[in-house]
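So the structure is just underneath, and the comments pick up after that.
Numbering (the numbering used here), first residue to last: 10 to 282.
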């Protein structure tokens, strides 16, 4: 499905080619969103794959078997076998193993750009099977991770407002804890572990364009990470989807970025027409 001519459909549902205008917006978003990072933070770029062992360790294969993209290859005799790699479903999964069996001396943060894959069941506007995202990941104590999540989410919402995007925040079930039943989902929502920013990405079509996630000590326990207070480390992340944000901007301001409001063009460092 097209969205203002920004994405060119392929024969495969949920897989698109992007135009030059679309990519200029994505590149502008990558630069603008970088201002949400603290000075000197280490920036990482992930490959589109991750060790299957890590995904199995965090339980993604069990909680979301329908979304996981598995990789198969063949032995030298031609026998098909499952690879030790899977397609990366979220960028932050690459960060936690870096600190496995580590005692953090201080609160730690990383910035990750990732190409991700999820085997989505439909192909509505914004629900791509292959997509890019920026994630800021925080490791530390419970207090500084939760407060950081709220602060960075508010900063992101303000930045999107400056770009002319109208967003609404909504509490959602946190996928890091599995799909679960109604009771688990209600508990997740009561604790506000996951807060999404929703925006229109097409006519009558609303998607989450960003989310702030507080994982409690889930990944600290799984990877034996100790926080600076000596307790199991807590983690949080801010995730922003490049394609969905670009679609939202094109829907809001029109298909030609050269005609967008000057202050938006300046924020995205788009060239003058």
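Just so you know, even glycine gets a beta-carbon here, dropped at the ideal spot from N, CA and C.
In this text, all values refer to a predicted model and were calculated from it rather than measured experimentally.
Residue i vs residue j beta-carbon contact at 9 Å
i	j	result
residue 218	residue 202	no
residue 50	residue 143	no
residue 94	residue 126	no
residue 54	residue 121	yes
residue 168	residue 276	yes
residue 237	residue 113	yes
residue 58	residue 139	no
residue 164	residue 249	no
Residue i burial status per 10 Å Cβ neighbour count (16 or more: buried)
i	result
residue 251	buried
residue 75	exposed
residue 192	Here the model assigns residue 192 a pLDDT of 41, short of 50, so the residue's position is not dependable, and the following value carries that caveat. Flag for residue 192 reads exposed.
residue 240	exposed
residue 257	buried
residue 220	buried
residue 29	exposed
residue 246	buried
residue 117	buried
residue 213	exposed
residue 56	exposed
residue 209	buried
residue 99	buried
residue 175	exposed
residue 225	buried
residue 42	buried
Extent of the continuous alpha helix (DSSP H) to which residue i belongs
i	result
residue 241	Taken as a continuous stretch (DSSP letters only), residue 241 belongs to no alpha helix (DSSP H), as it is neither H nor E.
residue 166	151–171
residue 230	227–231
residue 64	61–67
residue 36	29–42
residue 262	251–262
residue 46	Here residue 46 belongs to no alpha helix (DSSP H), and DSSP marks it neither H nor E.
residue 273	271–276
DSSP beta-bridge partners of residue i
i	result
residue 201	Its beta-bridge partners do not exist; DSSP assigns none.
residue 119	51, 146
residue 222	203, 246
residue 89	83
residue 25	18
residue 208	216
residue 180	204
residue 132	Answer by DSSP bridge pairing: none, since residue 132 is not bridged.
residue 139	126
residue 235	112, 241
residue 104	Residue 104 pairs with nothing; no bridge assigned.
residue 77	Per DSSP, none; premise fails for residue 77.
residue 97	DSSP lists no partner for residue 97.
Residues near residue i by beta carbon distance below 8 Å, same chain, minus five either side
i	result
residue 262	173, 268, 269, 270, 273
residue 255	15, 31, 34, 35, 38
residue 190	With a pLDDT of only 47 at residue 190, under the threshold of 50, the placement of this residue in the model should not be trusted, and no figure is reported.
residue 178	162, 166, 204, 205, 206, 207
residue 150	116, 236, 237, 238, 240, 242, 243
Beta strand (DSSP E) segment containing residue i, residue limits
i	result
residue 54	51–54
residue 175	From DSSP, residue 175 is part of no beta strand (DSSP E); its letter is neither H nor E.
residue 17	16–18
Close Cβ partners of residue i (< 7 Å) along its chain, the five nearest in sequence each way excluded
i	result
residue 232	105, 106, 108, 109
residue 63	102, 106
residue 171	276
residue 66	231
residue 153	116
residue 279	33, 37, 266
residue 79	91, 95
Contact set for residue i: own chain, Cβ-Cβ below 6 Å, skip 5 residues either direction
i	result
residue 111	234
residue 288	This structure leaves residue 288 out entirely; the chain is present only between 10 and 282.
residue 83	89
residue 19	none
residue 228	105, 244
residue 124	57, 141
residue 70	64, 77
residue 147	118, 154, 157, 245
Any non-hydrogen atom of the ligand ADP closer than 8 Å to residue i Cβ
i	result
residue 180	Among the components modelled here there is no ligand, and therefore nothing to report on the ligand ADP.
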